[in-house]
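Taken in sequence, the protein lines are chains A and B.
For the first sequence, our numbering assigns the number 551 to the initial residue and increments by one for each residue that follows.
For the second sequence, our numbering assigns the number 66 to the initial residue and increments by one for each residue that follows.
Where is the CB? At the ideal position from N, CA and C, for every residue including glycine.
None of the values given here were measured: they were computed from a predicted structure.
Report on the structure given below.
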Amino acid sequence: DGGITQSPKYLFRKEGQNVTLSCEQNLNHDAMYWYRQDPGQGLRLIYYSQIVNDFQKGDIAEGYSVSREKKESFPLTVTSAQKNPTAFYLCASSRADGYTFGSGTRLTVV
Amino acid sequence: KQEVTQIPAALSVPEGENLVLNCSFTDSAIYNLQWFRQDPGKGLTSLLLIQSSQREQTSGRLNASLDKSSGRSTLYIAASQPGDSATYLCAVRHESGSRLTFGEGTQLTVNP
């Protein structure tokens, strides 16, 4: 079945450490996205990519980085510059008939 | 800038009731509108997608309507069940791009 796979499901980060969240899709979608979700807040867009080797900042890109070397993959790195990284991270892909989301990664700073 | 508002923020109903969730958006230049369901700690599951040229979409007990000119959409759930308990999110995609703007959701609890 086609879908989006996010890994790991849970991730713990030490202060000052960079971590990378994985997102893979087999839907043959061109566009991919990373959202952050905090309790009591809506989803906020971090980065998005409309095509391989191209990506744009969303509303809260500071402290994050991405790459899009393959159509299927859109990894997100949470850098040490992100001061409050504890959140639920959702990856998505889209085409004209709508968005599909992964199951999310919960990142916690320890 | 597009803003999406969902009312109510939370709703608790007894099993079997029909209910309506509301979504409003400020910019009517939308490409489509999508309703999602989110269970605690999980990702988003797409329920219904309405293109800007459409007035409504139906799937089982769910019916979503769209009034683009007034900036409103409703999600109607018939004969609610405890398994419908979740957060329901509305999101709009602008005509000029692929980004979605989300509302903050309605948390629904259906009591047995």
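CB contact check: residue i to chain B, cutoff 8 angstroms
i, result
"GLN575 (chain A)", "no"
"GLN591 (chain A)", "yes"
"LEU640 (chain A)", "yes"
"PHE657 (chain A)", "Correcting the residue identity first, residue 657 (chain A) is Leu in this sequence and not Phe. Closer than 8 angstroms: no."
"TYR598 (chain A)", "yes"
Whole-Å CB distance - residue i paired with residue j, under 8 angstroms assumed
i, j, result
"ALA581 (chain A)", "ILE596 (chain A)", "Going by Cβ atoms, the distance from ALA581 (chain A) to ILE596 (chain A) rounds to 14 angstroms, so no, they are not a contact pair."
"GLY108 (chain B)", "GLY592 (chain A)", "Their Cβ separation, rounded to whole angstroms, is 15 angstroms, which puts GLY108 (chain B) and GLY592 (chain A) out of contact at 8 angstroms."
"PHE90 (chain B)", "GLU68 (chain B)", "7 angstroms"
"THR570 (chain A)", "PRO625 (chain A)", "5 angstroms"
"VAL616 (chain A)", "ARG563 (chain A)", "Not a contact, Cβ separation roughly 17 angstroms."
"PHE638 (chain A)", "GLY654 (chain A)", "5 angstroms"
"ALA151 (chain B)", "GLN99 (chain B)", "Not confirmed; about 15 angstroms, so no contact."
"GLU622 (chain A)", "GLN575 (chain A)", "6 angstroms"
Interface residues of chain A facing residue i [CB-CB closer than 7 angstroms]
i, result
"THR90 (chain B)", "A quick correction: the sequence has Phe, not Thr, at residue 90 (chain B). In chain order: nothing, as chain A lies at least about 13 angstroms away."
"LEU140 (chain B)", "Chain A residues near LEU140 (chain B): none, gap ~15 angstroms exceeds 7 angstroms."
"LEU114 (chain B)", "ASP647 and GLY648"
Min CB distance residue i to chain A below 8 angstroms
i, result
"GLY125 (chain B)", "no"
"ARG137 (chain B)", "no"
Contact test: residue i Cβ vs the ligand NAP heavy atom, cutoff 7 angstroms
i, result
"GLY136 (chain B)", "The ligand NAP is not among the ligands present in this structure, which contains no ligands whatsoever."
Contacts of residue i in chain B (Cβ-Cβ under 8 angstroms)
i, result
"ALA636 (chain A)", "Per the sequence presented here, residue 636 (chain A) reads as Thr, with Ala not at that position. Those do not exist, as THR636 (chain A) stays about 14 angstroms from chain B at its closest Cβ, beyond 8 angstroms."
"GLY652 (chain A)", "GLY108"
Chain B contact residues for residue i, given Cβ-Cβ distances below 7 angstroms
i, result
"SER643 (chain A)", "Within 7 angstroms Cβ-Cβ: nothing; SER643 (chain A) doesn't reach chain B, min ~10 angstroms."
Is it true that the stretch 73-85 of chain B meets the stretch 95-103 of chain B, where meeting means three or more beta-carbon pairs spaced less than 8 angstroms apart?
-> no
Name, going along the chain, the residues of the stretch 75-90 of chain B whose beta-carbon falls closer than 8 angstroms to a beta-carbon of chain A.
-> Within the stretch 75-90 of chain B, no residue qualifies.
Taking a cut of 9 angstroms between CB atoms, which residues from the stretch 93-110 of chain B lie near chain A?
-> TYR96, ASN97, GLN99, PHE101, GLN103, GLY106, LYS107, GLY108, LEU109 and THR110
The stretch 601-634 of chain A: which residues have C-beta closer than 8 angstroms to a C-beta of chain B, in chain order?
-> Answer in chain order: GLY608.
Pull out every residue of the stretch 155-172 of chain B whose Cβ sits closer than 9 angstroms to any Cβ of chain A, in chain order.
-> ALA156, ARG158, GLY162, SER163, ARG164, LEU165, THR166, PHE167, GLY168, GLU169 and GLY170
Determine contact between the stretch 74-81 of chain B and the stretch 111-130 of chain B, defined as no fewer than three beta-carbon pairs at a distance below 8 angstroms.
-> no
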